[in-house]
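Student:
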Amino acid sequence: MKTTLSLFILFHVFGSANAQLEKVITSDVVWNGVTTSSTGRIFVNFPRIEGDTGKRIGEVLKNGTIIPYPDAEWNNWESGADVNEKFVRTNSLRIGPDGLLWVVDTGRPSMGQDPLSENALKLVSIDIATNIAESQRNLINFLRIAIFVVMAWIGGLKAFQYEADGIVPFVANSPVMSFFYNHPDEYKAHKNKEGELIPANVKWNTENGTYTFAYALGTAIVVIGLLTLLGIWFPKIGLAGGLLTFGMSLVTLSFLITTPEAYVPDIGGTDYGLPYLSGAGRLVIKDIIMMAGGLVVASDAAQRILKNYN
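In my numbering, the protein residues as written are 23 to 332.
1. Could you pull out every unbroken alpha helix (DSSP H) segment of at least 4 residues lying fully inside the region 182-228, listed in chain order?
2. Taking the alpha carbon of Asn204 as the point to measure from, which residue in Gly247, Thr75, Phe235 has its own alpha carbon closest?
3. Going by CA-CA distance only, name the one from Val56, Leu278, Val52 that's closest to Ser196.
4. Among Glu229, His212, Gly134, Gly178, which one has its Cα closest to the Cα of Phe350?
5. Please list the terminal residues of the continuous alpha helix (DSSP H) segment that includes Trp124.
6. Three Cβ pairs or more, each shorter than 8 Å: is that satisfied between the region 137-146 and the region 106-122?
7. Quick one: Cα of Lys24 to Cα of Ser49, how far?
8. Would Pro257 and Ile327 be called neighbours here (beta carbons separated by less than 9 Å)?
9. Looking only at its own chain, which residues have a Cβ that is under 8 Å from the Cβ of Asp288, when we skip the five neighbours before and after it?
10. Could you pull out every unbroken alpha helix (DSSP H) segment of at least 4 residues lying fully inside the region 104-181, listed in chain order?
11. State the CB to CB distance for the pair Ile162 and Val286, rounded to an integer number of angstroms; the pair is presumed to be in contact (CB under 8 Å).
12. What does the Cβ neighbour count give for Asn85, buried or exposed, with the cut at 16 atoms within 10 Å?
13. Excluding five sequence neighbours on each side, which residues of the same chain lie with their C-beta closer than 8 Å to the C-beta of Met313?
14. Is it the case that the Cβ atoms of Gly253 and Asp322 are separated by a distance below 9 Å?
15. Considering just the uninterrupted stretch of the alpha helix (DSSP H) at Gly247, what are its terminal residues?
16. Determine the direct distance from the alpha carbon of Phe68 to that of Val51, and round the result to whole angstroms.
17. What residues in its chain sit with their C-beta under 6 Å from that of Leu357, if we drop five residues either side in the sequence?
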């Protein structure tokens, strides 16, 4: 049997002593909680006492449609599924003084059952400006930390001879970077293997500008990583860091087009050229992950900036 509930808002008409009720929205599914934001957004709670599937938390749109909130993934829990970022059975919600939507999840599949293990019983806070739960925010901040660790480590290594020598083929073959070297066309005759130190090659690389460029590049990479990390506390700085991470990764991925050493050479084997990535090429292709990470943290920072303006 369906139950129909009507949500009413009480307001006072200017100059009138009588209060009026206005019907805002109806539902054929039971609600046991409603809260509104300062901007008029309406959020409702579906108790699901019998453990049935469906929305747990919903947002009422202006046209009367109720959509799962913050998204469908949080509202599609089924028996046996992970409970960390899903509502099991919610029983209350409210907008706090901090502007966040706070939701109590009992962690009980149905009335009378014990809470499930792990994080089924939880208090979830959701930033309604970005529609992101705080647990998701923690994951994004972890991504910022991960980007910083990679950037600081790799950037710092650019100060060492072996790493500076290692990027020569990429820079020398790049149409947008080769001008940083004095003799980019001659690099093949002066390559040092990792761990190898040939004084004549070091002398050539010094004259080529290899080490000067590596120091500058390493510094830039560390700075980008630091900007990204600071996005945890300063969204405008984090936006710059995320966009620069994306841009740097895009340049790095272009090496797959411009650098012959990115692919296995034809020296007698049957697997060479495209799509057979060499060790260098396999390192480059992983920058797709960095590029995606840069976009994620930049998007999050942009949403936080917009929230502050609103």
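Glycine is no exception: its CB is placed at the ideal position from the N, C-alpha and C atoms.
Please read these numbers as outputs of a predicted model, since none were measured by experiment.
Tutor: Quick look at the numbers:
1. 183-188, 190-195
2. Mapped onto the sequence shown, residue 204 falls at position 182. The option with the nearest alpha carbon to Asn204 is Phe235.
3. By one-based count along the sequence shown, residue 196 stands at place 174. Residue Leu278 is the option with its Cα nearest to Ser196.
4. Because the chain here runs from 23 to 332, residue 350 falls outside it and cannot be looked at.
5. Translated into positions along the sequence shown, residue 124 becomes position 102. Careful: Trp124 lies outside any alpha helix (DSSP H), inside the beta strand (DSSP E) at 122-127.
6. yes
7. Position 2 of the sequence shown holds residue 24. Position 27 of the sequence shown holds residue 49. Because Lys24 sits at a pLDDT of 47, beneath the cut-off of 50, its placement in the model cannot be relied upon, and the following sentence gives the value as read from the coordinates. Answer to the nearest angstrom: the Cα atoms are 9 Å apart.
8. Counting from 1 along the sequence shown, the entry for residue 257 is found at position 235. Counting from 1 along the sequence shown, the entry for residue 327 is found at position 305. Their beta carbons are under 9 Å apart, which means Pro257 touches Ile327 by this criterion.
9. Sequence index remark: in the sequence shown, residue 288 carries index 266 (1-based). Contacts found: Tyr294, Gly295.
10. 156-179
11. For this step, residue 162 is matched to residue 140 along the sequence shown. For this step, residue 286 is matched to residue 264 along the sequence shown. Not confirmed; about 37 Å, so no contact.
12. As a first step, residue 85 must be located in the sequence shown, where it is residue number 63. Classification of Asn85: exposed, given that the 10 Å Cβ count is below 16.
13. The residue given as residue 313 occupies position 291 in the sequence shown. Only Thr267, Phe268, Ser271, Leu272, Leu275 meet the Cβ criterion.
14. On the sequence shown, position 231 is the one that residue 253 refers to. On the sequence shown, position 300 is the one that residue 322 refers to. For Gly253 and Asp322, yes; Cβs fall inside 9 Å.
15. Position 225 of the sequence shown, counting from 1, holds the residue named residue 247. Note, Gly247: alpha helix (DSSP H), 232-252.
16. Within the sequence shown, residue 51 is the residue found at index 29, counting from 1. Within the sequence shown, residue 68 is the residue found at index 46, counting from 1. Cα to Cα, the separation comes out at about 8 Å.
17. Residue 357 lies beyond the residue range present for the chain, which begins at 23 and ends at 332; the question has no answer from this structure.
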